[in-house]
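Notes follow the structure.
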Amino acid sequence: MKSILPPLRALQAFDAFGRLGSVRGAAQELGVTSGAISQQLKVLEEHLGIAMVYKDGRRAALTPEAKVYHELVASGFNSLRDAQQVISQRKSGADLRVSGLPTLLLKWLNPQIHQFQSTAHEIPIRLESTHLEPDAQMQGHMFRLTYGSISARFPHARVLFTDFCFPVCSPDFLKRHPQATTAKGLAELPLIEIDWGPAYPELPQWHSWFEFQNVTTASIRPVTVHSLSSSALEAAAGGQGVALAQSSFSAVDIESGRLVRLSADALPMPDPYYVCWGKTTLDQPNARSFLNWLMAAAKGFQNAQSLEKAKDFRSGPDRP
Numbered sequence: 001m002k003s004i005l006p007p008l009r010a011l012q013a014f015d016a017f018g019r020l021g022s023v024r025g026a027a028q029e030l031g032v033t034s035g036a037i038s039q040q041l042k043v044l045e046e047h048l049g050i051a052m053v054y055k056d057g058r059r060a061a062l063t064p065e066a067k068v069y070h071e072l073v074a075s076g077f078n079s080l081r082d083a084q085q086v087i088s089q090r091k092s093g094a095d096l097r098v099s100g101l102p103t104l105l106l107k108w109l110n111p112q113i114h115q116f117q118s119t120a121h122e123i124p125i126r127l128e129s130t131h132l133e134p135d136a137q138m139q140g141h142m143f144r145l146t147y148g149s150i151s152a153r154f155p156h157a158r159v160l161f162t163d164f165c166f167p168v169c170s171p172d173f174l175k176r177h178p179q180a181t182t183a184k185g186l187a188e189l190p191l192i193e194i195d196w197g198p199a200y201p202e203l204p205q206w207h208s209w210f211e212f213q214n215v216t217t218a219s220i221r222p223v224t225v226h227s228l229s230s231s232a233l234e235a236a237a238g239g240q241g242v243a244l245a246q247s248s249f250s251a252v253d254i255e256s257g258r259l260v261r262l263s264a265d266a267l268p269m270p271d272p273y274y275v276c277w278g279k280t281t282l283d284q285p286n287a288r289s290f291l292n293w294l295m296a297a298a299k300g301f302q303n304a305q306s307l308e309k310a311k312d313f314r315s316g317p318d319r320p
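Each residue of the sequence shown is one higher than the one before, counting from 1 in our numbering.
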């Protein structure tokens with residue numbers, strides 16, 4: 001038997017014949033004549049050097065050897081069809097893919113993404129939470145939500161918003177520790193720290209807050225250290241101590257009463273959050289609609305932040 005693969009047309013006819021069980025059905029699927037299917041099956045038999053089809057009454061059927069061969073050939077064509085479907089979906093924008101920093105997706109995007117879906121005819125959205133940045137050309141990702149200067153590596157990027165931080169705790173913790181509403185009082189309480197990792201050494205931690213408040217403290221020894229902001233917020237909501245929360249991450253929990261904001265002061269983040277995308281992403285209508293909605297949501301959040309800063313913020317008992 002020849003070592004090279006059979007002609008693709010012969011394999012395609014064989015695959016269709018094996019799946020549909022008839023020459024006529026294969027011909028209809030491939031848009032050719034029944035004679036063309038029969039000819040391609042003969043080409044395949046000559047190439048392989050074995051009989052692939054036999055007459056079963058008035059019908060043509062696969063030989064036992066051909067059935068085994070067809071299972072392998074069919075799996076290959078199935079993979080090709082799956083690959084084509086992926087490309088077709090991405091060209092049509094049917095499947096939106098959004099990669100982002102885990103807590104940014106969980107605490108900021110996810111609670112409001114239903115607003116986009118309600119006006120976008122239920123477009124399927126795949127959310128991928130990861131700290132790993134995708135390929136710089138955005139292969140396999142439609143959008144990336146990330147932080148700071150890393151955004152410059154992508155073909156396109158736009159600022160979403162610049163966040164700010166403040167201390168939060170559970171209502172029950174505040175009842176037990178009313179001194180939490182003052183910076184000096186906080187220094188005496190269990191503090192929950194967030195370790196941003198070596199890639200973000202400039203991001204706020206508890207020592208940043210106390211410097212911002214002009215409070216001198218001894219070495220800060222947190223009760224727990226979390227690698228995810230969402231985990232630190234859950235610890236605070238569970239009454240374990242006070243966390244330094246970002247406004248975008250804590251807004252839903254504060255609104256629901258799970259967390260209480262302890263200070264009207266706000267420590268700005270050094271850099272903004274960004275949405276990034278590739279060169280061809282916006283060729284897809286659904287992607288452009290999503291970007292427009294995302295920027296409007298970011299603007300709404302930024303406006304809400306401005307109003308929050310402008311008013312006399314009070315939380316829990318009267319501040320001393």
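Just so it is clear, CB atoms sit at the ideal spot from N, CA and C, and this is done for glycine as well.
Sub-9 Å separation of residue i and residue j beta-carbons
i: L259; j: A245; result: yes
i: E29; j: A51; result: no
i: F116; j: L294; result: yes
i: K107; j: A251; result: yes
Chain-order list of residues whose beta-carbon lies under 8 Å from that of residue i (same chain, five-residue window excluded)
i: W206; result: L191, E193, I220, P222, L244
i: P102; result: S129, T130, H131, L228, S230
i: L189; result: H177, Q179, A180, G241, V242
Per-residue DSSP class, three states only, for residue i
i: L5; result: coil
i: F143; result: strand
i: I254; result: helix
i: Q302; result: helix
i: F154; result: coil
i: S129; result: strand
Close-in-space but distant-in-sequence residues of the same chain around residue i (CB under 7 Å, 5 per side omitted)
i: Y54; result: A61, T63
i: M1; result: Any reading at M1 is ruled out, since the residue's pLDDT is 43, under 50, leaving its predicted position unreliable.
i: E45; result: A51, M52
i: S75; result: none
i: P317; result: Low confidence applies here, because P317 scores a pLDDT of 37, under 50, leaving its location unreliable and the question unanswered by this model.
6 Å CB neighbourhood of residue i in its chain, flanking five on each side removed
i: S34; result: V23, R24, A27
i: A322; result: For the chain, the structure presents residues 1 to 320; residue 322 sits outside this window and is missing.
i: A36; result: none
i: L104; result: L145
i: E202; result: P270
i: R319; result: Bear in mind that the predicted position of R319 carries a pLDDT of just 36, short of 50, making it too unreliable to give a figure here.
Proximity to residue i [Cα-Cα], best of the options
i: V43; options: A10, K67, A16, V73; result: A10
i: D135; options: D172, Q12, W277, L189; result: W277
i: A69; options: P6, G241, A236, D172; result: Checking the sequence, you will find Tyr at residue 69 rather than Ala. When only C-alpha atoms are compared, the closest one is P6.
i: H156; options: A13, V275, L189; result: V275
i: R58; options: G100, G21, E202, L127; result: G21
i: P111; options: D253, F290, N292; result: D253
i: Y200; options: L41, M269, E45; result: M269
i: I218; options: P198, T182, L186, Q240; result: The sequence given here has Ala at residue 218, not Ile. It is L186 whose Cα lies nearest to the Cα of A218.
i: L96; options: L291, V73, R126; result: R126
i: S99; options: H114, E133, E71, S75; result: E133
i: F166; options: K67, V73, D172, A236; result: A236
i: K279; options: F143, P171, N78; result: F143
i: W209; options: A183, L109, T224, W196; result: A183
i: T119; options: F290, Q40, L307; result: F290
i: R261; options: K67, H114, G197, S170; result: S170
i: L109; options: T224, S247, P204; result: S247
For the pair the region 148-162 and the region 227-242, tell me if three or more CB-CB distances fall below 8 Å.
no
Under 8 Å, with one C-beta from each stretch per pair, do the region 252-269 and the region 209-217 reach the 3-pair mark?
yes
Can you find at least 3 beta carbon pairs, one from the region 171-184 and one from the region 293-305, that sit closer than 8 Å?
no
Does the region 148-157 come close enough to the region 283-297 that 3 or more CB-CB pairs lie under 8 Å?
no
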